[in-house]
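Numbering (the numbering used here), first residue to last: 249 to 400.
Below: one structure, written as structure tokens.
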Ligand SMILES: [Zn+2]
């Protein structure tokens, strides 16, 4: 999915990596004639690309980014106390990741992409920032959601 460039870093090979607002990094190399990104070589070029979008396949793959820290956790919900907002399509905001932890029973986790996961105590759900989703308890269940963001 499309993500916004918020900063840059260099990897061990001295190649430029764009930091995206999803907390993933993406190489933005300039290796002519194979990859042409002359803008990445100059500070002014990099600055001009801040706020531009790149397609992040790591988000599409629900890949957990490095360097996230937990900062909030919901109470435990049962099939009768699950907030209505979680049963309807919703999403976390930019930069906020989540883990759905099922402690008892089962929970269906559906993404707008069509992907469906059956969560239980051995399978956690990965909530990707701004990716629309909802959950449906399957009978008796107990679960909570942990929220993560980049360490400041
Ligand atoms: Zn991403």
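Just so it is clear, CB atoms sit at the ideal spot from N, CA and C, and this is done for glycine as well.
This one's a predicted model, so the numbers in the text were calculated from it and none came from an experiment.
I want to know whether the region 256-265 touches the region 347-360 - three or more CB-CB distances under 8 Å. The region 256-265, when compared against the region 347-360, does not touch it at the 8 Å Cβ threshold.
Taking C-alpha atoms, which residue in 267, 367, 283 and 295 lies nearest to residue 304? Nearest C-alpha to residue 304: 267.
Assuming residue 392 and residue 280 form a contact by the criterion Cβ under 8 Å, report the distance between their Cβ atoms to the nearest whole angstrom. Residue 280 and residue 392 do not touch by the CB rule: their CB atoms are close to 50 Å apart, not below 8 Å.
Inter-residue CB distance, residue 387 and residue 327 (contact presumed, cutoff 8 Å): The beta carbons of residue 387 and residue 327 sit about 7 Å from each other, so the pair counts as a contact at 8 Å.
Per DSSP, which one or two residues make a beta bridge with residue 392? For residue 392, the pairing in a beta bridge is given by DSSP as 349.
Do you know offhand how far residue 378's Cα is from residue 340's? If I take the Cα positions, the gap works out to 5 Å.
Closest by C-alpha distance to residue 272, when choosing among 354, 360, 380 and 343: The alpha carbon of residue 272 has as its nearest neighbour, out of 354, 360, 380 and 343, the alpha carbon of 343.
Nearest to residue 297 by CA position, among 368, 319 and 265, is which residue? Ranking the options by Cα distance to residue 297, first place goes to 265.
For a quick check, are the C-beta atoms of residue 382 and residue 310 less than 8 Å apart? Not closer than 8 Å, so no.
Should residue 268 be counted as a contact of ligand 1 given a C-beta to heavy atom distance under 7 Å? The answer is yes for residue 268.
Please tell me whether residue 398 and residue 315 are closer than 8 Å, where the distance is taken between their beta carbons. With respect to the 8 Å criterion, residue 398 and residue 315 are classified as neighbours on the basis of their beta carbons.
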